[in-house]
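Under the UniProt record's numbering, the first residue of the sequence shown carries the number 7, and numbering increases by one thereafter.
Ideal Cβ positions, reconstructed from N, Cα and C, are used throughout, including at glycine.
Since the model is a prediction, treat every value here as computed from it, not as a measurement.
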Amino acid sequence: LKAAAETAAEKAADALGVGSGPEEGVPGKPAPVSPSVDEPTEPHGPLPPKHDQSGPAPMSPTGQETGATQADVAQGGPYLTTAQGARLYDSDHSLKAGARGPVLIQDHHLREKITHFDHERIPERVVHARGAAAHGVFRGYGTAANVTKAAFLANGVETPVFVRFSTVLGSRGSSDTVRDTRGFATKFYTQEGVFDLVGNNIPVFFIQDAIKFPDIIHAGKPHPDREIPQAQSAHDTFWDFVTLHTEATHHTLWNMSDRGIPRSYRTMEGFGVHTFRLVDAEGGTTLVKWHWKPKLGVHSLVWEEAQLINGMDPDFHRRDLADAIDAGAFPQWELGIQTFPDTPDQTFEGIDLLDPTKIVPEELAPVQPIGLMTLNANPSNYFAETEQVAFHVGHLVPGIDVTDDPLLAGRLFSYLDTQITRLGGPNFGQLPINRTHAPVNDMLRDGMHQTAVHRGVAPYRPNSLDGGCPFQAGVDTGAYVETPVGVPEASKIRDAPTSFADHFSQPRLFWLSMTPVEREHIIAAYTFELGKCYEQSVKERGLRALANIDTELCAEVAAGLGLPAPEATEPLASPEPSPALSQVGQVWPPDGRIVGIVAGPAGDLAGVRTVREAVQEAGMVPLVIAPAGGVLDADGDPITVQRSYATARSVEFDALLVAGAPGRGDDAYGARDAKAGAVTGDGDGDGADGAGIDPRVSLLLTEAFRHGKAIGGWQDGVAALERAGVPTSAPGVVTGDRGDAVLERIVELLGAHRVWERFPTAAG
Ligand code: HDE
7 LKAAAETAAE
17 KAADALGVGS
27 GPEEGVPGKP
37 APVSPSVDEP
47 TEPHGPLPPK
57 HDQSGPAPMS
67 PTGQETGATQ
77 ADVAQGGPYL
87 TTAQGARLYD
97 SDHSLKAGAR
107 GPVLIQDHHL
117 REKITHFDHE
127 RIPERVVHAR
137 GAAAHGVFRG
147 YGTAANVTKA
157 AFLANGVETP
167 VFVRFSTVLG
177 SRGSSDTVRD
187 TRGFATKFYT
197 QEGVFDLVGN
207 NIPVFFIQDA
217 IKFPDIIHAG
227 KPHPDREIPQ
237 AQSAHDTFWD
247 FVTLHTEATH
257 HTLWNMSDRG
267 IPRSYRTMEG
277 FGVHTFRLVD
287 AEGGTTLVKW
297 HWKPKLGVHS
307 LVWEEAQLIN
317 GMDPDFHRRD
327 LADAIDAGAF
337 PQWELGIQTF
347 PDTPDQTFEG
357 IDLLDPTKIV
367 PEELAPVQPI
377 GLMTLNANPS
387 NYFAETEQVA
397 FHVGHLVPGI
407 DVTDDPLLAG
417 RLFSYLDTQI
427 TRLGGPNFGQ
437 LPINRTHAPV
447 NDMLRDGMHQ
457 TAVHRGVAPY
467 RPNSLDGGCP
477 FQAGVDTGAY
487 VETPVGVPEA
497 SKIRDAPTSF
507 ADHFSQPRLF
517 WLSMTPVERE
527 HIIAAYTFEL
537 GKCYEQSVKE
547 RGLRALANID
557 TELCAEVAAG
567 LGLPAPEATE
577 PLASPEPSPA
587 LSQVGQVWPP
597 DGRIVGIVAG
607 PAGDLAGVRT
617 VREAVQEAGM
627 VPLVIAPAGG
637 VLDADGDPIT
647 VQRSYATARS
657 VEFDALLVAG
667 APGRGDDAYG
677 ARDAKAGAVT
687 GDGDGDGADG
697 AGIDPRVSLL
707 LTEAFRHGKA
717 IGGWQDGVAA
727 LERAGVPTSA
737 PGVVTGDRGD
747 AVLERIVELL
757 GAHRVWERFP
767 TAAG
């Protein structure tokens, strides 16, 4: 058959006058333009895996060695086969009765290929559908040893982790930079079993009782009739619910703050939200709240930027995470705990620790670092890893226990339940990404997608036929050892504790802890979101909730909506502000920041080269922007252009430097623009064309200015900034004669993330 196919191919090749390789000669296929992009014709072994897969053989779910390596189980080998391993000689044509005849049902390969394809999708997560993930390692500091016996937290112990970040409301294909809460879920593959810390980037939740979860999610998701808007909270049903159900006020306020639009997954905090209970080796208990603190600081986008990115690059956060890891800029977070005595009332300084709408300010209970997480590898396959990973708040290890938070109780049920629908049965724990690294010896049997070949005859306890195996661990080494917490004598009741009725004191604490610029952003966000509602009654109720947070906040939003500001219905509390809640005022390392360098074919190219190297040395990413792609080549030492005027947009950069920006009509645009008779400059490419500046450069720079980004220019670049309409004497605009000196000041400015003095602006 192969010989016949080759002969036919050769004939066709002759007819087309192309080479005689079997693929080249397929009738109708045009001759390849360049040999470098031609489809290979010789079978060869699998390409080396992109990421190291040479690790130890995966264990079977029963803890037995499979003998396979990761590379074996991945796709590989020189020849295409069926699912059963039979080699295929043609996967491009279905079997027909004659070339123009009907397709035959006996074509097994056709049916297998199409049937498998038909079933490629699984239901997306009902919430947190869109996510991005990475592998990494967690290293314990040992500082939690006095409060928990969890082995992975001991000093120096390294534990593999897999982290999935997500938005909550949007579908799998929605945009990354929408205003929403972000999921921050970590799977620790500890030696004592899997521990999942399934948290968010906001420390409080909309509801206090799990029974309200379908309500808040139905309200936030697109309207059931038209299925719009996608991945948005700016619509009537969301605001209808959160203004009627005022325990949602605190979480909503965080969403309306800059926390709702993070700059990057790498610059988000993470929170376990609920209070958990840690158990030490003697059985002593401590209540804790989990915190992830990013080494790069907590940074956000501004709203206009977020909206632009949704169009320019809807994968912005996903790309940012993967690019950083590929480039070796491994993101890191410290895991920390706030600890509270495990008293019978489970409150701390008057704050109910079982109420998930409340935080404990860090000034009252400092976050104590207990370990460091580094994300150092991207997933090899999105579906197998990021889509199929199954987190569960109930995946606990010895030394970590839950509390009676009623929201947590509902989650303990929900996460297991949801995987059964999503992953098609109860054996999802056997999927490679979900497999524990501890030996498994359970008595769970059979079910859909069972891949274990269990041995033994007695999957029940007690038994004698399997020698009584397996045995139970003692309480000192077992997980799920209950802490004997007293349950108050009570009647069955559908109610909540009275402390849960306080819905406004902590939103006020958050508001009072914000700096003026952060408050401006919050006012703008409420004005936008309530302004997008159609129902007058919803807007008015929104204002009534704001009146109970702060008079100024309410008055400003009311003014923006053109409505009267209502009076507060509850006395305004006077809590001590918590500076730790603000994102402004601290200095952070510039690592991984993206610096755009606008340059033309003329001007100070030596300076561009020096600046580019200095940016790299400072741990940041330089991207050279020029009128067209290719290289800038002044004196035989070419500088690669990474972004052209057509592909550069300000939202990608944290700071911009300008060495020169030629005007339209300059040679640098190439023949196309010259032919189009574009506005001419003086044509010398020095960036000093009197005729003006390319509107795309002007947009690039003025947007960056509006968004509070550091901007610098030197030599010809100073004139270019002026022509673009950037006020060179404004805060955060640095000019000078030498690029390296300008860069030094830009790095200092990046430490504050943005030039906050430039706000408020229309972009807020
Ligand atoms: Fe979730 N949540 N949740 N949630 N949640 C899910 O589980 C649920 C809550 C969080 O990247 C689902 O596997 C209920 C709080 C994250 O795979 C589902 C309640 C917090 C993720 C579910 C909550 C979270 C989920 C959907 C109220 C922060 C994504 C798919 C009682 C502490 C995990 C899935 C990933 C996912 C239920 C509230 C965080 C349906 C019932 C509070 C980060 O089981």
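Roughly how many whole angstroms lie between the Cα atoms of residue i and residue j?
{"i": "Gly-83", "j": "Val-403", "result": "40 Å"}
{"i": "Ile-499", "j": "Leu-159", "result": "39 Å"}
{"i": "Glu-30", "j": "Asp-743", "result": "Low local confidence applies: a pLDDT of 37 at Glu-30 is under 50, so the model's placement there is unreliable, and no value is given."}
{"i": "Ala-612", "j": "Asp-332", "result": "29 Å"}
{"i": "Glu-750", "j": "Pro-166", "result": "38 Å"}
{"i": "Gln-338", "j": "Ser-270", "result": "13 Å"}
{"i": "Arg-325", "j": "Gly-137", "result": "11 Å"}
{"i": "Thr-483", "j": "Pro-737", "result": "60 Å"}
{"i": "Leu-293", "j": "Thr-281", "result": "6 Å"}
{"i": "His-257", "j": "Asn-207", "result": "11 Å"}
{"i": "Ala-139", "j": "Asn-387", "result": "11 Å"}
{"i": "Val-373", "j": "Thr-442", "result": "29 Å"}
{"i": "Gly-148", "j": "Met-379", "result": "14 Å"}
{"i": "Asp-705", "j": "Gly-635", "result": "What sits at residue 705 in the sequence shown is Leu, not Asp. C-alpha separation (whole angstroms): 19 Å."}
{"i": "Tyr-95", "j": "Gly-51", "result": "17 Å"}
{"i": "Ser-66", "j": "Phe-123", "result": "Per-residue confidence for Ser-66 stands at a pLDDT of 49, beneath the threshold of 50, marking its modelled position as unreliable; no derived number is given."}
{"i": "His-141", "j": "Trp-260", "result": "28 Å"}
{"i": "Leu-707", "j": "Arg-760", "result": "15 Å"}
{"i": "Ala-371", "j": "Lys-295", "result": "10 Å"}
{"i": "Arg-467", "j": "Asp-448", "result": "11 Å"}
{"i": "Gly-714", "j": "Arg-764", "result": "6 Å"}
{"i": "Leu-755", "j": "Ala-335", "result": "21 Å"}
Quick one, which of the options has its alpha-carbon nearest residue i's?
{"i": "Pro-583", "options": "Leu-518, Ala-565, Ala-612", "result": "Leu-518"}
{"i": "Gln-512", "options": "Asp-186, Thr-255, Phe-194", "result": "Thr-255"}
{"i": "Gly-757", "options": "Gly-107, Lys-538, Ile-600", "result": "Ile-600"}
{"i": "Pro-503", "options": "Ala-485, Ala-444, Pro-362, Val-279", "result": "Pro-362"}
{"i": "Ala-479", "options": "Ile-752, Ala-105, Phe-144, Glu-198", "result": "Glu-198"}
{"i": "Tyr-195", "options": "Val-657, Ala-330, Ile-439", "result": "Ile-439"}
{"i": "Leu-515", "options": "Val-373, Asn-384, Pro-367", "result": "Pro-367"}
{"i": "Arg-569", "options": "Ala-586, Ile-555, Thr-533", "result": "Looking at the sequence shown, residue 569 is not Arg but Leu. Of the candidates Ala-586, Ile-555, Thr-533, the one whose C-alpha sits nearest the C-alpha of Leu-569 is Thr-533."}
{"i": "Pro-350", "options": "Val-491, Phe-201, Asn-433", "result": "Val-491"}
{"i": "Gly-435", "options": "Met-454, Phe-419, Leu-418", "result": "Met-454"}
{"i": "Trp-298", "options": "Val-399, Phe-190, His-398", "result": "Phe-190"}
{"i": "residue 3", "options": "Ile-699, Val-753, Val-657", "result": "For the chain, the structure presents residues 7 to 770; residue 3 sits outside this window and is missing."}
{"i": "Gly-176", "options": "Asn-152, His-224, Gly-142", "result": "His-224"}
{"i": "Ser-172", "options": "Trp-260, Val-43, Gly-266", "result": "Gly-266"}
{"i": "Val-416", "options": "Glu-164, Gln-238, Asp-98, Lys-218", "result": "It should be noted that the sequence gives Gly, not Val, for residue 416. Of the listed residues, the one whose Cα sits closest to Gly-416 is Lys-218."}
{"i": "Ala-574", "options": "Leu-559, Gln-592, Asn-554, Ala-561", "result": "Asn-554"}
{"i": "Phe-510", "options": "Ile-120, Pro-585, Glu-576", "result": "Glu-576"}
{"i": "Thr-457", "options": "Pro-476, Gly-625, Asn-433", "result": "Asn-433"}
{"i": "Asp-319", "options": "Met-262, Ser-180, Arg-702", "result": "Ser-180"}
{"i": "Ser-97", "options": "His-115, Gly-91, Gly-104, Ala-103", "result": "His-115"}
Output yes or no for whether 8 Å exceeds the beta carbon distance between residue i and residue j.
{"i": "Val-174", "j": "Val-133", "result": "yes"}
{"i": "Leu-629", "j": "Gln-648", "result": "yes"}
{"i": "Thr-187", "j": "Leu-203", "result": "no"}
{"i": "Thr-734", "j": "Val-724", "result": "yes"}
{"i": "Gln-214", "j": "Pro-494", "result": "no"}
{"i": "Gly-666", "j": "Gly-609", "result": "yes"}
{"i": "Gly-146", "j": "Gly-377", "result": "yes"}
{"i": "Pro-129", "j": "Tyr-85", "result": "no"}
{"i": "Leu-381", "j": "Val-399", "result": "no"}
{"i": "Gly-405", "j": "Leu-284", "result": "yes"}
{"i": "Arg-602", "j": "Ala-652", "result": "In the sequence under discussion, the amino acid at residue 602 is Gly, which differs from the Arg named in the question. No; because the gap between Cβ atoms is not below 8 Å, this pair is not in contact."}
{"i": "Ile-752", "j": "Gly-731", "result": "no"}
Would residue i count as contacting chain C if we go by Cβ distances under 8 Å?
{"i": "Asn-433", "result": "No chain C is present in this structure, which holds just one protein chain."}
### In chain order, each alpha helix (DSSP H) run of at least 4 residues that lies wholly inside the segment 73-130
76-79, 114-124
### Cβ pair count under 8 Å reaching 3, the segment 338-351 against the segment 96-116
no
### Message
For the segment 354-361 against the segment 150-157, do three or more pairs of beta-carbon atoms, one drawn from each stretch, fall closer than 8 Å, so that the two count as touching?
### Response
no
### Query
Can at least three beta-carbon pairs, one atom from the segment 544-552 and one from the segment 238-257, be found at a separation below 8 Å?
yes
### Task
Taking 8 Å as the threshold, find out whether the segment 294-313 comes into contact with the segment 524-543 through three or more Cβ pairs.
yes
### Message
At 3 residues or longer, what runs of the beta strand (DSSP E) sit wholly inside the segment 584-611?
### Response
600-604
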